[in-house]
Amino acid sequence: MLQLMRTESKISPVRDMFNTFTDGFAGSVLPTNLPLDIHELSDRFEILASVPGLSKDQIELELDAGVLTLSTSVCCQDTATPDPEACDCAAPGTDGNTVLRKERIEASASRSIRLPVDVDEDSITASLENGVLTIAVTKPDVQTPRKLSIS
684 MLQLMRTESK ISPVRDMFNT FTDGFAGSVL PTNLPLDIHE LSDRFEILAS
734 VPGLSKDQIE LELDAGVLTL STSVCCQDTA TPDPEACDCA APGTDGNTVL
784 RKERIEASAS RSIRLPVDVD EDSITASLEN GVLTIAVTKP DVQTPRKLSI
834 S
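Numbering (our numbering), first residue to last: 684 to 834.
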């Protein structure tokens, strides 16, 4: 019978102690896939994205050729930064404290959505409330077909 072998060294009780302590926080970082809900209403589409803990400065919306892109950037210092290399997560603790473990990380995520061709791109609005970003995409007025005369 085959046995599963651990590849980690057994000589790290301090690491195991910290891993046990932090197991409850495993899901607390920003997901990198940005889950979305998309609803179709009679006059608009609504796109809802859960972005808990982010400010509007950490979220970017871009519309290019009918594709709406939602991007987020989180720095371990809890500030928005367009360049993850500019975030100094290895900085020593403030006030003379020693940082023993630092798990807050830089994270960025992006999602792109191809909008239906018949949406009014100039009427797209976005609002952020209680960690939920709501993007409203207004549908254009329905035009009735008209008959053309033949000369």
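All C-beta atoms, glycine included, are put in the ideal place defined by N, C-alpha and C.
Over what stretch of residues does the beta strand (DSSP E) that includes residue i continue unbroken?
i	result
valine 820	815-821
threonine 752	750-757
aspartate 726	That residue, aspartate 726, is in no beta strand (DSSP E); it is neither H nor E in DSSP.
glutamate 745	742-747
leucine 811	808-812
isoleucine 796	790-797
Using a threshold of 7 angstroms, state whether the C-beta atoms of residue i and residue j are closer than that.
i	j	result
isoleucine 742	threonine 755	yes
aspartate 803	proline 823	yes
alanine 809	leucine 744	yes
serine 795	valine 757	no
lysine 739	leucine 811	yes
Indicate whether at least one CB of chain B lies closer than 7 angstroms to the CB of residue i.
i	result
leucine 737	Structure shown: chain B not included; a single protein chain is present.
Using 8 angstroms for Cβ pairs, my map puts residue i next to residue j. What's the rounded Cβ distance?
i	j	result
isoleucine 807	valine 825	Not really, about 19 angstroms apart at Cβ, beyond 8 angstroms.
In chain order, what residues of the same chain lie with their CB nearer than 7 angstroms to the CB of residue i, ignoring the 5 residues before and after it?
i	result
leucine 746	Glu804, Ile807
arginine 797	Gly749, Val750
aspartate 726	Thr821, Lys822
For residue i, which residues from the same chain have a beta carbon less than 8 angstroms from its beta carbon, with the 5 sequence-adjacent residues on both sides left out?
i	result
asparagine 716	Ala792, Arg794
aspartate 801	Lys822, Pro823
proline 718	Ala732, Ser733
Kindly list the residues whose CB is nearer than 6 angstroms to the CB of residue i, restricted to its own chain and excluding five residues on each side of it in sequence; keep chain order.
i	result
aspartate 720	Leu731
glycine 710	Because the pLDDT of glycine 710 is 44, which lies under 50, any placement of that residue in the model is unreliable, and the number read from its coordinates should be weighed accordingly. Taken in chain order, the list of residues that qualify is empty.
phenylalanine 728	Val820
histidine 722	Glu729
Contact the region 809-818 vs the region 733-748: 3+ CB pairs below 8 angstroms: yes
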